[in-house]
Amino acid sequence: MPVLSSVSYHSLLLNRSVPLVPWNCEQASICKDLKFLQLLHRLGFQMPVDTGKVFIRIPNFWTPDFLYEVAAKIS
1 MPVLSSVSYH SLLLNRSVPL VPWNCEQASI CKDLKFLQLL HRLGFQMPVD
51 TGKVFIRIPN FWTPDFLYEV AAKIS
C-alpha cells in the first residue's frame with residue numbers, strides 16, 4: 001500500500017484542494033520557475049495568486065481519471 005503524505009491525507013479527508021508542498025530546495029525552486037507555473041496554470045491547477053493560498057493546488061473536484069488525462073497531455 002502506498003504511503004500517503006499527511007498533507008494529502010488531510011486535504012482529501014476535508015474535501016479540500018491538495019497543495020503541492022515543496023519538500024526540498026530543488027522542488028521549491030521549480031515551483032518558482034515561470035515556465036513551470038505557466039504549464040501548471042494551462043493544465044488547470046489552482047495557482048496561489050488565484051486562490052489566495054500559499055501553494056499551487058490540485059483541485060479537489062478532479063477525479064483520478066481526469067488526473068490521468070492531465071498527465072497524458074504532458075507525456
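The sequence shown begins at 1 in the UniProt record's numbering and counts up one residue at a time. All C-beta atoms, glycine included, are put in the ideal place defined by N, C-alpha and C.
Asked, Found
"Please determine if the region 29-43 and the region 4-16 are in contact, where contact requires at least 3 C-beta pairs separated by less than 8 Å.", "no"
"Ignoring anything shorter than 4 residues or poking outside the UniProt domain \"Timeless C-terminal\" (15-67), list the alpha helix (DSSP H) runs there in chain order.", "25-30, 34-43, 48-51"
"Is the region 12-24 touching the region 50-60 in the sense that three or more CB pairs, one from each, lie closer than 8 Å?", "yes"
"Do N60 and N24 count as a contact pair if the criterion is CB distance below 8 Å?", "no"
"Along the chain, where does the alpha helix (DSSP H) containing V7 start, and where does it finish?", "6-13"
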